[in-house]
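Comments concern the structure below.
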Amino acid sequence: MVNRINTVAVLGASGTIGSLSGGLMAQNGLKVYFLSRTKEGAERGLQRAIAQARSETIAQNIVCGDYEHLLSRAVDEADWVVEAITEDAGIKQHMHEQVEPYIKPQTIISSTTSSLPLSSLVQGRSKEFKKHFLSTHFYNPPGRMPACEITGIDDTDPEIIELMQQFLAKRLRRVVIRVKNVAAFAGNRIAFVLFSRITSLAREFGVETMDYLIGPYTGRLMPPLATLDLVGIDIHKAIVDSLNANTNDAMHNWLAVPGYINTMIQKNLLGNKTKGGFYKKLESGKYVFLDPVSCNYGPAIEPHMAFVEQAKHLIRMARYKEAFEAILSARGREADIVKDILCAYVAYSYSLVGQVTDSKMGIEGIDKVMSYGFHWAAPSVIVDMLGGSQAAVGLLRERKLEVPQALQDDLKSGFRITNSGKYFVAK
Amino acid sequence: MKDEAVYILGGYQTDFARNWARENKHIAAMMREAYEGSIEATKLEPSNIRAAFVGNFAAELYCMQGHLGAFFVDFDPRFVGLPTMRFENACAASAVAALSAMAHIQAGIYDLICLIGVEQMKTADPAKGGEYLGTAAWYEKECQGIEFPFPKLFGQLGDEYDKRYGLDDRHLAKIADINYTNARNNPNAQTRDWFMSFEHACTVSKYNTAIGGRIKVTDCSQVTDGAVCLYIASKNYASKYAARHGLKIEEIPRILGWGHTTAPIEFAKKVADSADDQYILPMTRKAITDAYERAGIADCWQLDVIETHDCFTTSEYMAIDHFGLTQPGESYRAIEEGVIEMGGKLPINPSGGLIGCGHPVGATGARQLLDAYKQITGTAGDYQVPNAKKVATLNIGGTATTNVCFIVGVRS
Numbered sequence: 004m005v006n007r008i009n010t011v012a013v014l015g016a017s018g019t020i021g022s023l024s025g026g027l028m029a030q031n032g033l034k035v036y037f038l039s040r041t042k043e044g045a046e047r048g049l050q051r052a053i054a055q056a057r058s059e060t061i062a063q064n065i066v067c068g069d070y071e072h073l074l075s076r077a078v079d080e081a082d083w084v085v086e087a088i089t090e091d092a093g094i095k096q097h098m099h100e101q102v103e104p105y106i107k108p109q110t111i112i113s114s115t116t117s118s119l120p121l122s123s124l125v126q127g128r129s130k131e132f133k134k135h136f137l138s139t140h141f142y143n144p145p146g147r148m149p150a151c152e153i154t155g156i157d158d159t160d161p162e163i164i165e166l167m168q169q170f171l172a173k174r175l176r177r178v179v180i181r182v183k184n185v186a187a188f189a190g191n192r193i194a195f196v197l198f199s200r201i202t203s204l205a206r207e208f209g210v211e212t213m214d215y216l217i218g219p220y221t222g223r224l225m226p227p228l229a230t231l232d233l234v235g236i237d238i239h240k241a242i243v244d245s246l247n248a249n250t251n252d253a254m255h256n257w258l259a260v261p262g263y264i265n266t267m268i269q270k271n272l273l274g275n276k277t278k279g280g281f282y283k284k285l286e287s288g289k290y291v292f293l294d295p296v297s298c299n300y301g302p303a304i305e306p307h308m309a310f311v312e313q314a315k316h317l318i319r320m321a322r323y324k325e326a327f328e329a330i331l332s333a334r335g336r337e338a339d340i341v342k343d344i345l346c347a348y349v350a351y352s353y354s355l356v357g358q359v360t361d362s363k364m365g366i367e368g369i370d371k372v373m374s375y376g377f378h379w380a381a382p383s384v385i386v387d388m389l390g391g392s393q394a395a396v397g398l399l400r401e402r403k404l405e406v407p408q409a410l411q412d413d414l415k416s417g418f419r420i421t422n423s424g425k426y427f428v429a430k
Numbered sequence: 230m231k232d233e234a235v236y237i238l239g240g241y242q243t244d245f246a247r248n249w250a251r252e253n254k255h256i257a258a259m260m261r262e263a264y265e266g267s268i269e270a271t272k273l274e275p276s277n278i279r280a281a282f283v284g285n286f287a288a289e290l291y292c293m294q295g296h297l298g299a300f301f302v303d304f305d306p307r308f309v310g311l312p313t314m315r316f317e318n319a320c321a322a323s324a325v326a327a328l329s330a331m332a333h334i335q336a337g338i339y340d341l342i343c344l345i346g347v348e349q350m351k352t353a354d355p356a357k358g359g360e361y362l363g364t365a366a367w368y369e370k371e372c373q374g375i376e377f378p379f380p381k382l383f384g385q386l387g388d389e390y391d392k393r394y395g396l397d398d399r400h401l402a403k404i405a406d407i408n409y410t411n412a413r414n415n416p417n418a419q420t421r422d423w424f425m426s427f428e429h430a431c432t433v434s435k436y437n438t439a440i441g442g443r444i445k446v447t448d449c450s451q452v453t454d455g456a457v458c459l460y461i462a463s464k465n466y467a468s469k470y471a472a473r474h475g476l477k478i479e480e481i482p483r484i485l486g487w488g489h490t491t492a493p494i495e496f497a498k499k500v501a502d503s504a505d506d507q508y509i510l511p512m513t514r515k516a517i518t519d520a521y522e523r524a525g526i527a528d529c530w531q532l533d534v535i536e537t538h539d540c541f542t543t544s545e546y547m548a549i550d551h552f553g554l555t556q557p558g559e560s561y562r563a564i565e566e567g568v569i570e571m572g573g574k575l576p577i578n579p580s581g582g583l584i585g586c587g588h589p590v591g592a593t594g595a596r597q598l599l600d601a602y603k604q605i606t607g608t609a610g611d612y613q614v615p616n617a618k619k620v621a622t623l624n625i626g627g628t629a630t631t632n633v634c635f636i637v638g639v640r641s
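These protein sequences, in sequence, are chains D and V.
If you read the first sequence in this note's numbering, its first letter stands for residue 4, the second for the next number, and so on.
If you read the second sequence in this note's numbering, its first letter stands for residue 230, the second for the next number, and so on.
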């Protein structure tokens, strides 16, 4: 069945996700149309795809062009149309309208969005179009982050979801996570609630201290505010705003966007893409850090706390559980922040079992998306580090966090995150 | 020589795609993860371990750390006092450690030895790492002042084939393609998610530069961080282990045969010495035939799988005829006929080998033995060769200076 998809049209191939996910398709032998507003844009995407594959040979599977000249031919030929254009519901609706006349009866159409209400993107489209429409949410960069969340709308044919799950796993080597059609799906919903909380705490403790406290040693590839510089502060705000508008759960009060974030956006301090966000790299190679109060940059203060350093040392020697014992036994406001964030991550992740993923899978889907989409230690791995599910329940109760039933029941499927040590970085 | 049966009880391989320097981890962390994973995999009782042997090539250079065996006693308070040893034989370090473990078992000194192969290589930039690897050859004569000396030396192996028998580089490209293809099925392989195609392997380009004569980037094994931990046991211990785990002793893989030779360290001398020999590397051939003889097998066709030392495509090309899959100089036949591919008559490197799975130098010999164990016990997952009962491993050090071949299997 998965062999019925051989030609793909990528709309928005000048962008990162369009070009790199399209590149993966070309790497795996599919014929891929790279479409953009201009042919030059599509060709820039091609260069990005070549760099990802580290081979010019994939170019033979890719045809570049603009919408005006190539859209009809590409969509007509495609078995799958991937829409990866600007995150704007109106623009996406318009694109789907333009595509509809050319699609074949069995053509699959997917959007790469996770933050926009999926149904709104196909308003006005035919029943047949909607039947073949779903979201395929690739994580960035797809060459390194194999997670892909998929879900449909009410009209989507379940067989199409099943087919795409098989196809993405077998042909594109994705770790596919079936999610429910809810705002931000699983991964972004969990991560951006935590990011949001950390941006609030940064106002009080400072950018450098927050990234030091919730650094890679707590089970992530990058510190959280450095991650937001990579994501883009404007994108961060858009996702948090969307979560604010479309969710209502126990963590809703963490979704406040501090005023300084708006100032950052006004001052065009959007992160790496504007060469300044929470961090700014000087010509000397040194970094200065945003002061959230003044929105000016100040020199590094190089925080140093005994429990953090001890935990890092233990992680450097692969003594992971002892590192977490050091964190848990530490006292003081800063240690409490680390414990609070870790416990909130566990509490929130387990609370979403059944809400964003199928309850039958237990924590598996959420574990997968956090590991393979964010390169964070999965919630179940953090539970193990905290001493197991009962110990974690105790820690949540101490913090007056609601204890999710899934954690109490310690629901697990046969799946297990392996090599979990790699998620704890001694930095 | 004693002929006591020596068994392999399984173990654990770290994910070879990891970059432990980026994780800011100490080399002992890699050993610890491999050890802890091995206990979980084998369900062995740690207090039964009588000694720990560590194979490693150059931690002093890559990590400024020697005396690796000593770190083992840090993994469990009960290990303080255990005998530990570190073995260095270039890329054959952990195969030589395994030979020594086997000898200690056969001598009746220990009945259960923990064997760890480990290398951390991503601490060095490519040029410096290439220079470190040069110490596996005759550094002053063959490597000093030469950028990436090993690709050049193994390029010369290809040149020698070309001179004596003719060599089409597309056959080398096919070897690379097969190893990458196999690696895609191995969840611990370094290149499992990398793009590769026969066409790319044939092409010299910005992303596939020639770095040593006819050797291109795609002809090379990887710079890899990795550790492997496995267990070598006496028949007495293996019998008790089998009984505890509901197994039959006959089902547990054992070392059926082995060969171990040393050729002159200088590559040019090796080639000059073999001028009148049908095999370009006769000491490699001898290690293989010694292993066949000790295992009581007539030829390679009594094997089900080979895990060979493809540090470069030329070394696998050499292994094909030296194992006897073809007449000397005719390795291309086995490649063209699909003999060495998964599903072929005698698959080579289902794991992906050093090119696909990765080559943490001092861990490779142990990795090959663990993969042999997995194949024989039917636990190799998506890279399983059906009904594999006998597996050969070939681990070479330097330019095929140290040669170690094991035949691992169950008696049919």
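Virtual Cβ for every residue (Gly too), placed ideally from N, Cα, C.
{"Query": "Reference Tyr521 (chain V), options V:Lys619, V:Ser544, V:Met571, closest by Cα", "Result": "V:Lys619"}
{"Query": "Below-7 Å beta-carbon distance, Ala234 (chain V) vs any chain D residue", "Result": "no"}
{"Query": "Span separating the alpha-carbon of Thr89 (chain D) from that of Ile20 (chain D)", "Result": "11 Å"}
{"Query": "Leu623 (chain V) to Cys431 (chain V) span [Cα, whole Å]", "Result": "26 Å"}
{"Query": "Candidates D:Ser287, D:Thr115, D:Lys289, D:Gly93, of which the one nearest Gly127 (chain D) by Cα", "Result": "D:Gly93"}
{"Query": "Separation of Thr60 (chain D) from Ile153 (chain D), as counted between CA atoms", "Result": "30 Å"}
{"Query": "Whole-number beta carbon distance between Asp244 (chain D) and Ile268 (chain D), since they are thought to touch under 8 Å", "Result": "11 Å between Cβ atoms; not a contact."}
{"Query": "Alpha-carbon to alpha-carbon, Val433 (chain V) and Ala501 (chain V)", "Result": "30 Å"}
{"Query": "Exposure label - Pro104 (chain D); buried when at least 16 CB within 10 Å", "Result": "exposed"}
{"Query": "Cβ neighbours of Glu376 (chain V) in the same chain (closer than 7 Å, five flanking residues each side left out)", "Result": "Ala356, Gly359"}
{"Query": "Lys278 (chain D) classed as buried or exposed, judged by whether at least 16 other C-beta atoms fall within 10 angstroms", "Result": "exposed"}
{"Query": "Nearest-angstrom Cβ-Cβ length linking Val178 (chain D) and Tyr351 (chain D), presumed shorter than 8 Å", "Result": "Wrong, their Cβ atoms sit about 21 Å apart, outside the cutoff."}
{"Query": "Three-state class that DSSP yields for Ile519 (chain V) in the structure shown", "Result": "The identity of residue 519 (chain V) in the sequence shown is Asp, whereas the question assumes Ile. In this structure, Asp519 (chain V) counts as helix in the three-state DSSP scheme."}
{"Query": "Leu459 (chain V) beta carbon less than 7 Å from that of Leu297 (chain V)", "Result": "no"}
{"Query": "Under 7 Å between C-beta atoms of Leu344 (chain V) and Ala595 (chain V)", "Result": "yes"}
{"Query": "Contact list for the region 219–237 of chain D against chain V, Cβ threshold 8 Å", "Result": "none"}
{"Query": "For Gln242 (chain V), the first and last residue of its enclosing beta strand (DSSP E)", "Result": "235–242"}
{"Query": "DSSP-derived helix/strand/coil call for Asp406 (chain V)", "Result": "helix"}
{"Query": "Members of the region 258–277 of chain V that neighbour chain D once the beta carbon cut-off is set at 7 Å", "Result": "Ala258, Arg261, Glu262"}
{"Query": "Under 9 Å (Cβ pairs) to chain V, residues found in the region 39–71 of chain D", "Result": "Ile53, Ala54, Gln55, Ala56, Arg57, Ser58, Glu59, Thr60, Ile61, Gln63"}
{"Query": "Contact check, Lys240 (chain D) vs Val210 (chain D), beta carbons under 7 Å", "Result": "no"}
{"Query": "Separation of Lys95 (chain D) from Ala29 (chain D), as counted between CA atoms", "Result": "24 Å"}
{"Query": "Which residues DSSP lists as bridging Asp69 (chain D), in chain order", "Result": "D:Ser39"}
{"Query": "Classification of Arg443 (chain V) by the beta-carbon crowding that lies within 10 angstroms, buried from 16 upward", "Result": "buried"}
{"Query": "Short CB-CB distance (under 7 Å) between Met230 (chain V) and chain D", "Result": "Note on Met230 (chain V): pLDDT 45, under 50, position unreliable in the model; the coordinate value appears next. With 7 Å as the cut-off, Met230 (chain V) does not count as an interface residue toward chain D."}
{"Query": "Between the CA atoms of Asp340 (chain V) and Arg473 (chain V) - distance to the nearest angstrom", "Result": "16 Å"}
{"Query": "Helix, strand or coil at Met314 (chain V) [DSSP, three-state]", "Result": "strand"}
{"Query": "DSSP state of Leu175 (chain D) mapped onto helix, strand, coil", "Result": "coil"}
{"Query": "Whole-angstrom distance between Thr543 (chain V) and Thr110 (chain D), CA atom to CA atom", "Result": "46 Å"}
{"Query": "Helix, strand or coil at Lys435 (chain V) [DSSP, three-state]", "Result": "coil"}
{"Query": "Cut-off 6 Å between Cβ atoms - residues of its own chain near Val325 (chain V), not counting five sequence neighbours on either side", "Result": "Phe316, Asn318"}
{"Query": "Those residues which DSSP pairs with Val457 (chain V) across a bridge", "Result": "V:Gln242, V:Gly346"}
{"Query": "Beta-carbon proximity of Met98 (chain D) to Glu80 (chain D), cut-off 7 Å", "Result": "no"}
{"Query": "Amino acids of chain D, ordered along the chain, whose beta-carbon sits closer than 9 Å to that of His429 (chain V)", "Result": "Ala56, Arg57, Ser58, Glu59, Thr60, Ile61"}
{"Query": "Inter-residue CB distance, Ala347 (chain D) and Ala329 (chain D) (contact presumed, cutoff 8 Å)", "Result": "Contact flag wrong, Cβ pair sits at about 20 Å."}
{"Query": "Partner residues on chain D for Thr432 (chain V), Cβ-Cβ distance less than 7 Å", "Result": "Thr60"}
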